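Our numbering applies: residue 242 is where the sequence shown begins, and numbers increase by one.
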Amino acid sequence: MLGKVFNQRYRLKEKIGSGGMADVFLADDLSLNREVAIKILHSQFASDPSFIQRFRYEAQAAANLSHPNIVNIYDWGNEGDLYYIVMEYVEGRDLKDLLRTEGRLTPEWAAEIAAEISAALQFAHRRNLVHRDIKPHNVFITNLSRVEVMDFGIAREGNGEGMTQTGVVMGTPQYISPEQAQGLAVDGRSDIYSLGVVLYEMLTGRVPFDDPSPVTIAYKQVREDPIPPSVINPEVPPTLEAIIMKAMSKNPANRFQTAQEMKADLLRFLEGMPVNAPPVLTELAYPTTAATPANVPRQGSNRKWAWITAGVVTALVIIGIVLVILLSGGGTKVATPNLVGLSQQDAEAAIGSLGLKLGSVGLQYVGDASEKVGVIVSQDPEWGTMLAKGQTVNLVVSQELRMPNLVGMTRSAAEDALRNLGITVIEVENSPVDNSKQIDIVLTQDPASKNYIAPSVNVKLVIGVEQKKKAVPDVVGEQQADAEVLLRDAGFEVAVTEEASSEVPKGEVIRQSPLGNQRVVEGSTVTIVVSAGVDKVIVPTVTDMTEENAKTKLTNSGLSYTVVYQATTDPTKIGIVLEQIPLPGEEVDRGYTVRIFVGRAP
Numbered sequence: 242m243l244g245k246v247f248n249q250r251y252r253l254k255e256k257i258g259s260g261g262m263a264d265v266f267l268a269d270d271l272s273l274n275r276e277v278a279i280k281i282l283h284s285q286f287a288s289d290p291s292f293i294q295r296f297r298y299e300a301q302a303a304a305n306l307s308h309p310n311i312v313n314i315y316d317w318g319n320e321g322d323l324y325y326i327v328m329e330y331v332e333g334r335d336l337k338d339l340l341r342t343e344g345r346l347t348p349e350w351a352a353e354i355a356a357e358i359s360a361a362l363q364f365a366h367r368r369n370l371v372h373r374d375i376k377p378h379n380v381f382i383t384n385l386s387r388v389e390v391m392d393f394g395i396a397r398e399g400n401g402e403g404m405t406q407t408g409v410v411m412g413t414p415q416y417i418s419p420e421q422a423q424g425l426a427v428d429g430r431s432d433i434y435s436l437g438v439v440l441y442e443m444l445t446g447r448v449p450f451d452d453p454s455p456v457t458i459a460y461k462q463v464r465e466d467p468i469p470p471s472v473i474n475p476e477v478p479p480t481l482e483a484i485i486m487k488a489m490s491k492n493p494a495n496r497f498q499t500a501q502e503m504k505a506d507l508l509r510f511l512e513g514m515p516v517n518a519p520p521v522l523t524e525l526a527y528p529t530t531a532a533t534p535a536n537v538p539r540q541g542s543n544r545k546w547a548w549i550t551a552g553v554v555t556a557l558v559i560i561g562i563v564l565v566i567l568l569s570g571g572g573t574k575v576a577t578p579n580l581v582g583l584s585q586q587d588a589e590a591a592i593g594s595l596g597l598k599l600g601s602v603g604l605q606y607v608g609d610a611s612e613k614v615g616v617i618v619s620q621d622p623e624w625g626t627m628l629a630k631g632q633t634v635n636l637v638v639s640q641e642l643r644m645p646n647l648v649g650m651t652r653s654a655a656e657d658a659l660r661n662l663g664i665t666v667i668e669v670e671n672s673p674v675d676n677s678k679q680i681d682i683v684l685t686q687d688p689a690s691k692n693y694i695a696p697s698v699n700v701k702l703v704i705g706v707e708q709k710k711k712a713v714p715d716v717v718g719e720q721q722a723d724a725e726v727l728l729r730d731a732g733f734e735v736a737v738t739e740e741a742s743s744e745v746p747k748g749e750v751i752r753q754s755p756l757g758n759q760r761v762v763e764g765s766t767v768t769i770v771v772s773a774g775v776d777k778v779i780v781p782t783v784t785d786m787t788e789e790n791a792k793t794k795l796t797n798s799g800l801s802y803t804v805v806y807q808a809t810t811d812p813t814k815i816g817i818v819l820e821q822i823p824l825p826g827e828e829v830d831r832g833y834t835v836r837i838f839v840g841r842a843p
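Printed below as a string of structure tokens:
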């Protein structure tokens with residue numbers, strides 16, 4: 242398999258993983274010169290037509306998921322009976338490997354990881370894509386400590402609406418939801434259950450239900466309550482335990498209804514604020530695994546105060562709502578509460594408690610990491626407006642907006658992805674490419690992927706276009722001026738150099754590069770070498786000079802020489818140039834041979 246090239250583009254070079262549904266290879270993208278990961282489905286799945294049909298649908302849907310906490314899917318297809326998905330390759334390790342080496346994680350670390358997973362799930366769920374196989378193996382921690390969820394588009398397998406195939410429940414038994422274990426229809430709340438199991442494992446070092454038999458595990462998922470994590474690890478805070486137990490409720494209606502709700506509670510925990518999940522009372526039902534000396538204050542005392550604080554805050558909220566009702570006169574109308582700054586869940590609860598109805602919920606994108614997301618930024622009607630019970634209140638919720646990764650997409654797909662985010666200012670620059678596979682493909686983008694952006698941002702895309710090539714006119718033998726006109730009229734730039742020639746008349750083109758009739762990119766530079774004619778020099782005076790000095794002077798003047806020795810009776814003339822031919826001042830061709838007559842003893 243190694244060395245095989247898929248779609249004439251992806252060359253496999255190393256196997257980096259294997260699972261129940263597919264093998265994973267590191268590969269080179271020959272078109273974009275980057276490393277990618279390719280997941281190749283096992284043959285037993287490739288032979289099922291219904292599976293392949295759902296695989297295609299899910300791969301297309303997953304390819305549209307561009308989120309900082311989701312591993313990007315670039316491409317998918319098949320090579321014969323081998324079906325594959327091309328994904329972003331990032332360096333790091335999966336959460337399972339992290340738990341093997343680190344053991345239990347601190348509550349804060351575990352909550353941070355779970356919050357990022359929640360963000361990924363919320364993004365997918367809003368696009369009607371359910372993962373169905375959330376587990377540590379499918380959660381990747383990059384070398385930059387960013388959490389990315391993998392396997393969107395593979396995890397969802399289809400046999401009608403259920404999760405069964407030939408009587409086997411798909412998914413990993415230790416992490417599937419009760420409804421998934423029974424082969425029932427599932428929605429995003431099933432992923433929330435699985436995330437609760439993952440958070441449980443991060444804090445306790447083990448899954449809540451395990452057994453050598455997958456059937457037994459599935460039975461426990463449906464019928465048994467998990468041991469509260471604080472019984473296994475007393476360091477688990479009650480507020481975080483409450484989040485886990487709510488996420489793992491057997492009845493989906495009792496769980497967090499959206500991943501955003503779970504993320505909001507996790508962030509409240511990290512900020513030291515009360516959470517919405519109800520507390521779990523476990524001390525009487527389960528013995529703790531470690532005793533705490535009486536004279537050492539436990540973290541529980543702080544937790545107790547946290548819950549007292551939460552109770553006070555809750556009471557104040559209730560009192561506030563009662564006051565709104567009283568101030569409205571106790572009649573058929575109520576005053577609209579101030580909902581700005583509340584989470585969507587809290588705002589909906591406040592609306593319902595007054596007998597009002599929730600109207601439309603709009604989104605307002607925020608382009609700054611410092612701004613809070615998932616909170617009410619405006620409401621209609623405004624705070625204090627008198628409404629009859631049953632009337633509606635419309636909300637606008639803040640939503641983060643990050644730049645998707647568009648590199649490698651076709652131009653139309655990239656523009657559609659931007660428009661789906663409300664981005665309409667798109668600047669396109671064409672860049673000629675030699676590789677035909679890069680034509681109509683996004684080569685670069687600005688802003689870069691995963692940056693926070695506003696919908697009004699101006700996005701610049703560089704798109705690969707075919708190089709336009711033309712035949713170069715043959716201008717050898719043409720006069721320089723004519724040659725330049727011919728080349729420029731054909732769409733080429735011209736560079737000129739001169740060269741002395743005794744064979745080609747002055748001003749005529751001796752040669753050119755590229756050659757005439759060769760096809761090159763339009764706008765390229767053609768260099769022509771033009772004859773400078775014969776190079777003339779003036780013969781210098783070398784008489785009365787020593788032989789050596791005369792030779793040097795002639796050479797430096799670009800001339801050759803021959804020496805004729807002539808007998809002389811004058812001892813002062815021995816070794817001296819007595820005569821030269823041609824005479825000084827004559828014009829000759831460069832390289833001409835000058836004869837010098839040098840005196841010698843008789």
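From the three backbone atoms N, C-alpha and C, an ideal C-beta is built for every residue, glycine too. In this text, all values refer to a predicted model and were calculated from it rather than measured experimentally.
Terminal residues of the alpha helix (DSSP H) in which E336 lies: Per the sequence shown, residue 336 should be read as Leu rather than Glu. L336 -> alpha helix (DSSP H) spans L336 to E343.
CA-to-CA distance, I751 to L728, given in whole angstroms: Cα to Cα, L728 sits roughly 15 Å from I751.
Within 10 Å of its beta-carbon, does E349 have 16 or more other beta-carbons around it, so buried, or fewer, so exposed? exposed
Tell me whether Y416 is buried or exposed, calling it buried when 16 or more other Cβ atoms sit within 10 Å of its Cβ. buried
Closer than 8 Å by C-beta to N248: which residues in its own chain qualify, once you throw out the five before and the five after it? Chain order, please. D316, G318 and E320
Nearest candidate by alpha-carbon position, reference V463, set V472, D451 and N474: D451
Considering P479, what are the terminal residues of the alpha helix (DSSP H) in which it resides? P479 to A488
Does the beta-carbon of Y298 have 16 or more other beta-carbons within 10 angstroms, so that it is buried, or is it exposed? Around the Cβ of Y298, a 10 Å sphere holds fewer than 16 other Cβ atoms; the residue is exposed.
Are the Cβ atoms of V638 and V602 separated by less than 9 Å? yes
C-alpha gap between Q640 and E329, whole angstroms: 25 Å
Express the C-alpha separation of I281 and V259 in angstroms, rounding to a whole number. The amino acid at residue 259 is misidentified as Val; the sequence shows Ser. Cα to Cα, the separation comes out at about 9 Å.
Residues of its chain near S801, where Cβ-Cβ distance is below 8 Å and the 5 sequence neighbours each way are ignored: In the same chain as S801, and ignoring 5 residues on each side of it, the C-beta atoms closer than 8 Å to its own belong to L795, G832, Y833, T834 and V835, in chain order.
Nearest by alpha-carbon distance to N474: which of P455, M489, P449 and E465 is it? P449
Measuring alpha carbon to alpha carbon, tell me which residue in L306, V726 and A773 is nearest K747. Closest by alpha carbon: A773.
Excluding the five sequence neighbours on either side, which residues of its own chain have a C-beta within less than 6 Å of the C-beta of A302, listed in chain order? L370
Using the C-alpha atoms, what's the distance from L642 back to P515? 27 Å
Residue from K710, V735 and V778 with nearest C-alpha to A741: V778
For Y324, does the three-state DSSP call read helix, strand or coil? strand
Note down the Cα distance separating E847 from V735, rounded to an integer number of angstroms. Any question about residue 847 goes unanswered here, given that the chain covers just 242 to 843.
Own chain partners of D709 with C-beta closer than 6 Å, once the 5 adjacent residues on each side are dropped: Strictly speaking, residue 709 in this sequence is Lys, with Asp absent from that position. Cβ neighbours of K709 beyond the five flanking positions: E763.
When the distance is taken between beta carbons, is N646 closer than 9 Å to K691? yes
Identify, in the order they occur along the chain, each residue of the same chain with its Cβ nearer than 8 Å to the Cβ of I257, setting aside the five sequence neighbours on each side. V265, F266, L267 and A278
What residues in its chain sit with their C-beta under 8 Å from that of I704, if we drop five residues either side in the sequence? R652, V669, E670, N671, S672, D681, I682, V683 and L684
Considering only residues of the same chain and omitting the five flanking positions on each side of L583, which have a CB-CB separation below 8 Å? A591, V616 and I617
Endpoints, the alpha helix (DSSP H) within which I311 is located: DSSP places I311 in no alpha helix (DSSP H); its state is neither H nor E.
Alpha carbon of V666 to alpha carbon of V706, nearest angstrom: 21 Å
Cα separation between D335 and P755? 54 Å
At 4 residues or longer, what runs of the alpha helix (DSSP H) sit wholly inside the region 780 to 810? 788 to 797
For E482, which residues of its own chain have a beta-carbon under 7 Å away from its beta-carbon, when the five flanking residues on both sides are left out? P469, P470, S471 and V521
Using CA coordinates, which residue listed in L306, Q721, G344 and R275 is at the minimum distance from M644? L306
In chain order, what residues of the same chain lie with their CB nearer than 7 Å to the CB of G333, ignoring the 5 residues before and after it? F381, I382, T383 and N384
Over the uninterrupted beta strand (DSSP E) stretch that includes R760, give me the two end residues. R760 to V762
Limits of the beta strand (DSSP E) - the one that N661 falls within: No beta strand (DSSP E) holds N661; the alpha helix (DSSP H) holding it covers R652 to N661.
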